[in-house]
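Notes follow the structure.
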Amino acid sequence: MERPLIYTLFFISLLGTGLSLMCHTCYSQKSGADCTRNVTPRNCSGILDVCMSVRRTATLTNGNTVHEFAKSCFMDGLCTHFFCEQKHDHEKKVVCHLDCCTTSLCNTRPLPTIKGSTRRTIKSKARNPLQPESN
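Numbering (mature numbering (1 follows the signal peptide of the UniProt record, and there is no 0)), first residue to last: -20 to -1, 1 to 115.
What follows is the structure in structure tokens.
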């Protein structure tokens, strides 16, 4: 069985360590609060240049629903509607809320709003790759 996209997101976040940016990291299929309870700070590598928080809900072709919550180091170029809402073959519908920020430990809460941090929030129920993104 294919792993959900959030696993890919999470494992990309584990590519390496460095000293330039520090982000909270966690993963849960229970709730955002469960993820936050198990959060660990992590130094990010050079290619992982932003912190992210993501909430993803996938309706599977068998009718089941999978909820995923994660925080991690991430690549700025992947903080997009298209990447966040990519579907696997066994997923019928995906709703994804992704927040990326550039200040150390800025991903404190799910989809946080913290003053003094450059942040791009992506909230979308439908993906249209032909429509330009608004930042």
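Note that CB positions come from ideal geometry on N, CA and C, so glycine has one too.
Contact between the stretch 77 to 86 and the stretch 49 to 67 is present, with at least three C-beta pairs closer than 8 angstroms. Secondary-structure assignment with DSSP links HIS4 through a beta bridge to PRO21.
Under the three-state reduction of DSSP output, HIS77 falls in the strand class.
Using a Cβ-Cβ distance cut-off of 8 angstroms, the stretch 65 to 79 and the stretch 35 to 42 are in contact, since at least three pairs of beta carbons, one from each stretch, lie closer than that value.
Where CYS64 is concerned, the enclosing alpha helix (DSSP H) starts and stops at 61 to 64. Ranked by how close their Cα comes to the Cα of VAL46, the residues ASP29, ASN87 and LYS67 have LYS67 in first place.
Remark: C-beta atoms of LYS51 and CYS15 approach each other more closely than 8 angstroms. Residue ranges of uninterrupted beta strand (DSSP E) with 3 or more members, entirely inside the stretch 24 to 63 and ordered along the chain, are 30 to 40 and 45 to 54.
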